[in-house]
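Enquirer: In the numbering used here, the protein residues as written are 27 to 239. All residues carry an ideal CB built from backbone N, CA and C; glycine is no exception. If you're wondering where the values come from, they're calculated on a predicted model, not measured in any experiment.
1) Given this structure, state the Cα-to-Cα distance separating residue 155 from residue 146, to the nearest angstrom.
2) What separation, rounded to the nearest whole angstrom, lies between the Cα atoms of residue 166 and residue 73?
3) Quick check: the Cα distance between residue 188 and residue 98, rounded to an integer number of angstroms?
4) How far does the alpha helix (DSSP H) with residue 189 in it extend, from its first residue to its last?
5) Could you tell me which whole beta strand (DSSP E) segments of length 3 or greater appear in the stretch 157-216?
6) Going by C-alpha distance, which of 132, 123, 223 is nearest residue 186?
7) With 16 other CB atoms within 10 Å as the buried threshold, where does residue 60 fall?
8) Quick check on DSSP: helix, strand or coil for residue 151?
9) Could you check if residue 219 is buried or exposed, using at least 16 other CB atoms within 10 Å of its CB as the buried criterion?
10) I need the straight-line Cα distance from residue 221 to residue 96, nearest angstrom please.
11) I need the straight-line Cα distance from residue 116 to residue 238, nearest angstrom please.
12) Any idea which residues DSSP pairs residue 114 with across the strands?
13) Under 8 Å between the Cβ atoms of residue 204 and residue 196?
14) Check each candidate in 137, 190, 174, 161 and name the one with the smallest Cα separation from residue 105.
15) Return the chain-ordered list of same chain residues with a C-beta closer than 7 Å to the C-beta of residue 124, the five sequence neighbours on each side being excluded.
16) Which residue from 118, 64, 68 puts its Cα closest to that of residue 138?
17) What residue from 207, 163, 141 has the CA that sits closest to residue 231's CA?
18) When burial is assigned at 16 or more other CB atoms within 10 Å of the CB, is residue 48 buried or exposed?
19) Counting C-beta neighbours from all protein chains within 10 Å, is the total for residue 233 16 or more, i.e. buried, or is it exposed?
20) Skipping 5 residues on each side, what residues in its chain have a beta carbon closer than 7 Å to that of residue 110?
21) When the Cα atoms are used, what is the spatial distance from residue 55 to residue 62?
22) Tell whether a beta-carbon distance below 8 Å holds between residue 127 and residue 215.
Shown next, in the form of structure tokens:
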């Protein structure tokens, strides 16, 4: 009877150990499968992320390349516009004309005509800047130039074939009201001249910052 009990206990112990081993092996197998599955899924997701990243990187590269090319085209376009404006009236001639009119109340037709050409042709459609800062700076300058030339047209009169002066008949008048009229016109012209020169300087500064010329 004792032998049977021993066999039973032995069999039960063996079964328990065997079952434990089977369960342990099964758990390890499940664990490895889960690990492999997670590793595979992670690898696949990583590949997808890398693929998406590469696609985004390539898209960004193409976009930057396109924007760079567009920026170069726009800059080249605006450089040509600026060169065309200078061909109407260069900076030195323009400043001299404004200073002569504003400070000395006279001008010679040829120089002033070039400033008028800049006013007339500068706002035509083919002379519009693409860059917004340039366009706004030039429009502000042109507005002040238009105001200035209107004042000059009102107050200046020819004294010879090529020379124009501010109310020449009033300059040395003995009448107080005529001298006052001359002085008012002189101040109006001077202020308009300075305003135009300031707007031109701002425009020129914007050109330097944007076009590097």
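Expert: Walking through what the data contain:
1) Here the alpha carbon of residue 155 sits roughly 16 Å from the alpha carbon of residue 146.
2) Taking the Cα positions, residue 166 is about 56 Å away from residue 73.
3) If you draw a straight line from the Cα of residue 188 to the Cα of residue 98, it comes to about 44 Å.
4) It is not in any alpha helix (DSSP H) - residue 189 instead sits in the beta strand (DSSP E) that spans 189-192.
5) The stretch 157-216 contains these whole beta strand (DSSP E) runs: 182-184, 189-192.
6) Of the candidates 132, 123, 223, the one whose C-alpha sits nearest the C-alpha of residue 186 is 132.
7) Residue environment analysis places residue 60 among the exposed positions, since fewer than 16 neighbouring C-beta atoms fall within 10 angstroms of its C-beta.
8) Residue state for residue 151 is assigned as helix, using DSSP reduced to three classes.
9) Under this definition residue 219 is a buried residue.
10) Counting only the Cα atoms, residue 96 lies some 35 Å from residue 221.
11) Whole-angstrom Cα-Cα distance: 17 Å.
12) Paired residues: none, contrary to the question.
13) When the beta-carbon positions are compared, residue 204 and residue 196 come within less than 8 Å of each other.
14) Distance check between residue 105 and each of 137, 190, 174, 161 places 161 closest, using alpha-carbon atoms only.
15) If we look at residue 124 and ignore the five residues flanking it on each side, its Cβ neighbours are 219, 222, 223.
16) Distance from the Cα of residue 138 is smallest, within the candidate group 118, 64, 68, for 118.
17) Residue 231 has its Cα closest to that of 163, out of 207, 163, 141.
18) Around the beta-carbon of residue 48, fewer than 16 other beta-carbon atoms lie within 10 Å, marking it exposed.
19) Residue 233 is buried by the Cβ-count criterion.
20) So the list reads 153, once near-sequence residues are dropped.
21) Roughly 10 Å between the two C-alpha positions.
22) Yes.
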